[in-house]
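Counting in the numbering used here, the sequence shown runs from 3 upward without gaps.
Where is the CB? At the ideal position from N, CA and C, for every residue including glycine.
Computed from a prediction, not measured in an experiment: that's the story for all the values here.
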Amino acid sequence: MNPRIAIIMGSSSDYPIMQQAENIIAEFGVEVVKEVVSAHRTPEKMVAFAKTAQEKGISVIIAGAGGAAHLPGMVASLTTLPVIGVPIKSSNSIDGWDSILSILQMPNGIPVATVALNGAKNAGILALRMLAISQPSLQQQLEEFQASMALAVEKSQKDLL
Ligand code: RP5
């Protein structure tokens with residue numbers, strides 16, 4: 003089966019953060035396709051990617067970018083697939099707020115589900131939750147994942163005593 007989650011990023015320098023999305027998704031045994039697609043440096047590639055993602059079987063796009071972070075919003079404007087935006091604190095970001103606001107403050111009509119600064123892990127989990135809507139086995143795995151976090155908190159509490 004073709005991967006149903008795409009992870010794209012504005013630069014390979016975003017990968018150390020975006021890899022956290024890839025890693026958590028891999029823990030659930032789900033494949034991804036990943037690509038560097040820049041809104042500014044490769045705009046035509048971005049248009050082609052966004053316009054063909056659905057026909058290639060992609061269901062969710064995770065897009066990370068930093069600074070003038072236009073990639074998630076522009077991709078969202080070129081597809082009807084859900085887009086999860088990951089603001090990256092990159093070398094051209096002043097303090098991260100530029101990345102956050104560039105991705106978060108979308109105009110009405112073109113939503114981007116924006117996670118926290120460098121929040122690629124949560125982007126991966128959110129993408130899995132979207133797939134789980136129509137995949138009961140994934141839903142079950144997500145329930146086990148949450149239960150294991152609760153157990154870990156209980157254990158950490160006991161370790162305090
Ligand atoms: C953005 O510019 C990229 O998403 C990256 O976060 C940032 C810096 O890119 P590089 O100069 O490291 O390639 O478009």
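Check: N-terminal and C-terminal residue of the beta strand (DSSP E) that V62 is part of; Outcome: 62-68
Check: For S13 and M151, the rounded distance between their alpha carbons; Outcome: 32 Å
Check: Those runs of the alpha helix (DSSP H) which lie wholly inside the stretch 113-151 and span at least 4 residues; Outcome: 122-134
Check: Closest Cα partner of A71 within the set A125, P18, L106; Outcome: L106
Check: Euclidean distance between Cα positions of I26 and A154; Outcome: 17 Å
Check: Local conformation of P89 per DSSP, three classes; Outcome: strand
Check: Residue closest to D60, alpha-carbon to alpha-carbon, out of D97, H42, E146, V34; Outcome: The residue you asked about is not Asp; residue 60 is Ile in the sequence shown. If we check each option's Cα against that of I60, V34 comes out closest.
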